[in-house]
Amino acid sequence: MVSIGCVIKDPGSTRNNKTGSWRTFKPILDKDKCVDCDNCILFCPEGCVDKEHDIDYDYCKGCGICKVECPVKAIEMIRE
Amino acid sequence: MRKDIMTANRAVAEAVKLAKPQVVPVYPITPQTTISEYLAQFVADGDLDAEYIRVESEHSAMSATLGASQAGVRAFTATSSQGLLYMHEVVYAAAGMRAPIVMADANRAISSPLNIWNDQQDSIVERDAGWIQIYVESAQEAFDSIIMGYKIAENENVLLPLMVCLDGFILTHTVEPVEIPEESEVDEFLPPYAPDHAFLDPATPMSLGTLADPAYYTEARFDMNKALMDSASVIEEVGAEFGEKFGRKYGLIETYKCEDADIILVAMGSLCGTLRAMVDQFRENGDKVGMLRVRSYRPFPYEEINEVIGDAKLAVLDKNVLFGIGGSLYADIKAKCDTNEIYSFVLGLGGRDITPEYIEEVLEITKNPQDKEVYWIGLKGDA
Amino acid sequence: MIFYVETKTLYILEFIMIIHDRMEEMSMIEIRFHGRGGQGAVTAAEILAKAAFKDGKYSQAFPSFGVERRGAPVAAFTRIDEEPINVRYQIYNPDYVVVLDDGLLNVVDVFSGIKEKSEVIINTTGEIEGATHTVYDIDATGIALENLGVNIVNTIILGYFAKKTGAVSIESILEVIKETFPGRLGEKNVIAAQKAYDMA
């Protein structure tokens, strides 16, 4: 009834699950304050922050770790 | 075809050589050790073109075997007793990931107390893992069951791992005649493994060993159950085809003089050879006794057993114990078959030699039972 | 009438089967080897089984499964038969007992379970006292020291066994010895075994 051995032959299907819908607070980065330390990239558990520090809101769950880790307080959590 | 005289461990290694697995991760343990030694020698000599992985434990042995199988190649491993228990976790994973591994288990007792001798408790521990379990009676059958094992396990309606259980020492260290077929004959019978349910190839990526949440898990287990039950007919088909090609036919069970029997002795493995001789002796004395050997313990052939037993009294001889229950074969027959009178005999634990006297005692009790079903045979002292 | 013939045929068949079964029982030969760990009792049992197999018979050999240590008393078993061998238990009533070391006589009851017609072969230079059975003594150690330079007597006693019992051919014994010990070692063992055969 499921595939043999629960093998997934269409890998990457986790992307179908847009976890951005779980968010109640949204991180907003003020790029003028940003010092390119990349802490937000490293600490984001969902890998939602790219090299340009653009946040992928399709998958950002709004956990706020980026805000906590930002040394210059360039990220603000705003209610959805 | 050549005929030679060898131990069952040697026969297993010879069969593996002809089945041509590409990865062989084995960790040695008594009484399986010589299997690992022969295979290492075959690989070192270039007689077996496989990667022999010298793993550091049985948990790693089964993990590496599973990994190889999931990568899409034929894989073999072998173990015994504590080794099998140590790989327990991955034994279950191999079945769930539907990896058609073939493993030889040299049946040995479990600690504690420490004991290196034969009984079947170790593989009984793994009976619910989702593996096919074949209990063999001779070195020849050990050889044949490895060859057939891959063909059964790799069948698209099965895709489950298969364990060939051979009694430690009694088979693994006894030399006896074995027929080894030609490589070309085995190649014809057993084509190379070419899976499409699970393999690793960058060109066709897939995820293996996935998470199944409550929405999927029940179905995954249901499918395994179905595959194990479906494997029964595959075991018979492959056993019949093997018989046509090599002259030795195999099924789920084997019977000896059961047709008119008042009492049927039921057992698994090498003990059945002794039982066959005892049946002849009992019949000379006028007792209508037969013998039923359960070859495939999983899938459990209850329909086939039902067809044989009729109204006969059953004496089930187990080299294992389910504490508080009796022997495991007894428990399964009692649960799934239409039995009239059935008795459980626990014997031969930890290598206690099963002599004709023990079998005579079993017959005597079955003819004149006390007010209980479960008996331990050969207990010393006041136990 | 037809029924009568069939029944009669069946009776005759059954009778033949019973005779056959009896003969089968008669024809099985059981041999028990006693030795010490390292003396080659297990190898002796296997060589004998292989030689009998070469003679066209069915055979089976196995050790007294255990933790075998050098010097500790060990036993090994061989069965030889014209028919396939089914039984899987140890040998308690041997037709022949082979003792590789007479020092074991004080430690192990090598005569345990032997039958009236059983024969016992003992590697010794002394006399075996109080034996109620046929006992053959051979100074296998002497032959071993002379021909092999070490006290390993298993091949020698097999040469002697072949002559005394006729249960196996010396040709097969020598062939298996050569296969088991390739090269110079095998040749020396063949000479020693042949010597024991000729002495018997």
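Chains as they are written, first to last, in numbering that gives the first Met the number 0: chain A, 0 to 79; chain B, 0 to 382; chain C, 0 to 199.
Don't be surprised by glycine CBs; every beta carbon is placed ideally from N, CA and C.
Buried or exposed: which applies to tryptophan 130(B), given that a residue is buried once 16 or more other Cβ atoms fall within 10 Å of its Cβ?
Classification for tryptophan 130(B): buried.
Spatial neighbours of valine 89(B) within its chain, please: CB distance less than 8 angstroms, with the 5 preceding and 5 following residues excluded, ordered by chain position.
Excluding residues within five positions, the ones whose Cβ falls inside 8 angstroms are His58, Met61, Ser62 and Leu65.
With 16 as the cutoff for other CB atoms within 10 Å, does lysine 114(C) come out buried or exposed?
By the 10 Å Cβ count, lysine 114(C) comes out exposed.
Quick check on this structure: which residue in Glu140(B), Glu184(B) and Leu291(B) has the alpha carbon closest to the alpha carbon of leucine 170(B)?
When each option's Cα is compared against that of leucine 170(B), the closest is Glu140(B).
When we look at the beta-carbon of tryptophan 116(B) and count the other beta-carbons within 10 Å, is it buried (16 or more) or exposed?
Counting Cβ neighbours within 10 Å, tryptophan 116(B) comes out buried, since at least 16 surround it.
Three or more beta-carbon pairs under 8 angstroms between the segment 60-73 of chain A and the segment 157-168 of chain B, yes or no?
Cβ pair count under 8 angstroms is below three, so no.
So with CB distances below 9 angstroms, who are the chain C contacts of aspartate 46(B)?
Chain C residues near aspartate 46(B): none, gap ~18 angstroms exceeds 9 angstroms.
Name the chain A residues whose beta carbon is nearer than 7 angstroms to that of alanine 219(B)?
Neighbours of alanine 219(B) on chain A, chain order: Val1 and Cys5.
Relative to the C-alpha of alanine 311(B), which candidate in Ala260(B), Asp104(B) and Ser111(B) has its C-alpha closest?
Here the closest residue by C-alpha is Ala260(B).
According to a CB-to-CB cut-off of less than 9 angstroms, which residues of the segment 68-102 of chain B neighbour chain A?
Answer in chain order: Gln69, Gly95, Met96, Arg97 and Ala98.
Check distances from the C-beta atoms of the segment 192-215 of chain B to those of chain A and list, in chain order, the residues that come in under 7 angstroms.
If the cut-off is 7 angstroms between Cβ atoms, the segment 192-215 of chain B has His196, Ala197, Pro204, Met205, Ser206, Leu207, Thr209, Ala211 and Tyr215 near chain A.
Below 8 angstroms, how does it come out for the segment 26-37 of chain C and the segment 66-81 of chain C: are there three or more Cβ pairs, yes or no?
The segment 26-37 of chain C is in contact with the segment 66-81 of chain C.
Could you tell me if aspartate 195(B) is buried or exposed, where buried requires 16 or more neighbouring beta carbons within 10 angstroms of its beta carbon?
Exposed, since its Cβ has fewer than 16 Cβ neighbours within 10 Å.
Any contact between the segment 11-29 of chain B and the segment 68-81 of chain B? By contact I mean 3 or more CB pairs, one from each, below 8 angstroms.
Yes, the segment 11-29 of chain B is in contact with the segment 68-81 of chain B.
Can you tell me the Cα-Cα spacing of serine 58(C) and proline 204(B), whole angstroms?
Each residue's Cα considered, the two are about 54 angstroms apart.
For methionine 22(C), which residues from the same chain have a beta carbon less than 6 angstroms from its beta carbon, with the 5 sequence-adjacent residues on both sides left out?
Note that methionine 22(C) scores 47 on pLDDT, short of 50, meaning its location in the model is unreliable and no value can be drawn from it.
List the residues of chain A whose Cβ lies closer than 8 angstroms to the Cβ of leucine 158(B), in chain order.
Going along chain A in sequence order, the residues near leucine 158(B) (Cβ under 8 angstroms) are Ile3 and Gly4.
Do you know whose CA, among Tyr301(B), Met277(B) and Ser206(B), lies nearest aspartate 337(B)'s CA?
With distances taken between Cα atoms, aspartate 337(B) lies closest to Tyr301(B).
Could you confirm whether any beta carbon from chain B is found closer than 8 angstroms to the beta carbon of methionine 22(C)?
Note that methionine 22(C) scores a pLDDT of 47, beneath 50, so its modelled location is shaky and nothing firm can be said.
Assuming tyrosine 134(B) and glycine 268(B) make a contact with CB atoms under 8 angstroms, what is their CB distance in whole Å?
With a Cβ gap of about 4 angstroms, tyrosine 134(B) and glycine 268(B) count as contacting.
Rounding to the nearest angstrom, what Cα-Cα distance links glutamate 218(B) and valine 315(B) in this structure?
Glutamate 218(B) and valine 315(B): Cα-Cα distance of roughly 34 angstroms.
What beta strand (DSSP E) runs, 3 residues minimum, are completely inside the segment 97-132 of chain B?
The segment 97-132 of chain B contains these whole beta strand (DSSP E) runs: 101-106.
Is glycine 350(B) close to chain C? Criterion is C-beta to C-beta, closer than 8 angstroms.
Yes, because at least one Cβ of chain C sits closer than 8 angstroms to the Cβ of glycine 350(B).
For glycine 19(A) and arginine 53(B), what's the separation of their Cα atoms in angstroms?
Computed Cα separation, rounded: 47 angstroms.
So if I threshold CB-CB distances at 8 angstroms, which residues from the segment 39-60 of chain C count as touching chain B?
Within the segment 39-60 of chain C, the qualifying residues are Glu45, Ala48, Lys49, Phe52, Tyr57, Ser58, Gln59 and Ala60.
Can you tell me which of the three DSSP states methionine 0(B) falls into?
Correct three-state label for methionine 0(B): coil.
If you measure from the beta carbon of proline 10(A) to each beta carbon in chain B, is any gap under 8 angstroms?
True, the Cβ-Cβ gap to chain B drops below 8 angstroms.
Assign lysine 116(C) to one of two classes, buried (16 or more other C-beta atoms within 10 Å of its C-beta) or exposed (fewer than that).
When all chains shown are included, lysine 116(C) counts as exposed.
State the start and end residues of the unbroken beta strand (DSSP E) segment that holds cysteine 164(B).
Start and end: 161-166.
According to DSSP, simplified to helix, strand and coil, what is leucine 316(B)?
Residue state, collapsed to three classes: strand.
Okay, do the segment 24-32 of chain A and the segment 1-15 of chain A touch, 3+ Cβ pairs below 8 angstroms being the bar?
In short, these stretches do not touch, since the Cβ pair count stays below three.
Starting from glutamate 181(B), follow its DSSP beta bridges and name the residues at the other end.
For glutamate 181(B), which the question treats as bridged, DSSP gives no partner whatsoever.
Buried or exposed, going by whether 16 or more other CB atoms sit within 10 Å of the CB of valine 237(B)?
Flag for valine 237(B) reads buried.
Can you check the segment 219-266 of chain B for any beta strand (DSSP E) of at least 3 residues that lies completely inside it and give the ranges in chain order?
As far as the segment 219-266 of chain B is concerned, its whole beta strand (DSSP E) runs of at least 3 residues are 252-255 and 262-266.
With distances taken from CA atoms, which of Leu47(C), Thr123(C), Ala143(C) and Gly112(C) is nearest lysine 194(C)?
Comparing Cα-Cα distances from lysine 194(C) to each of Leu47(C), Thr123(C), Ala143(C) and Gly112(C), the minimum goes to Ala143(C).
Just the C-alpha distance for proline 20(B) and alanine 12(B), rounded to the nearest angstrom, thanks.
One C-alpha to the other measures close to 11 angstroms.
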